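Structure record follows, encoded as structure tokens.
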Amino acid sequence: MAYDTPLSPQGQQITALPVREQLRRGLKDMGSKSYSSAKNFAMIGALYSGTECCVEGYRAKSDLYNSVSAGCITGAILAYKAGPQAAALGCGGFAAFSAAIDAYMRMPESD
1 MAYDTPLSPQ
11 GQQITALPVR
21 EQLRRGLKDM
31 GSKSYSSAKN
41 FAMIGALYSG
51 TECCVEGYRA
61 KSDLYNSVSA
71 GCITGAILAY
81 KAGPQAAALG
91 CGGFAAFSAA
101 IDAYMRMPES
111 D
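Numbers 1 to 111, taken from my numbering, label the letters of the sequence shown in order.
See below:
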């Protein structure tokens, strides 16, 4: 449901419905969208952490390069259907984000 338009996907006027029905439809739509987003996030997280675990096991080290490698592999896998250029961009983007987060997490605590 697009909340910036008064029409629902079926073409009905949402504003013409009673408030309770508007809330019911809105909450139902938000629930289904939230579930879909949660599934996608879980899939990406599982792919990344599984890849990082494999890279760390292969290298037998725990450092920043594991997360960068896992990010690159994960980004490329997620974008491979769109072609090699998209896979390269996905690799670079996910690797950069992974490096930034891992570098931040590895910073020494300052009191």
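Glycine included, each C-beta is placed from N, C-alpha and C at the ideal position.
Bear in mind the structure is a predicted one, so any value in this text is a computation, not a measurement.
Setting aside the 5 residues that flank it on each side, L17 is surrounded in the same chain by R25, each with a C-beta closer than 8 Å to its C-beta; the list follows chain order. For K28, the uninterrupted alpha helix (DSSP H) run begins and ends at 19-59, by DSSP.
Straight across, the Cα-Cα distance linking M105 with S98 is about 10 Å. With contacts defined by Cβ atoms closer than 8 Å, A79 and A70 do not form a contacting pair.
In this structure, S67 and E52 form a Cβ contact; the two beta carbons are roughly 6 Å apart against a cut-off of 8 Å. A direct Cα-Cα distance of roughly 14 Å separates K33 from A42.
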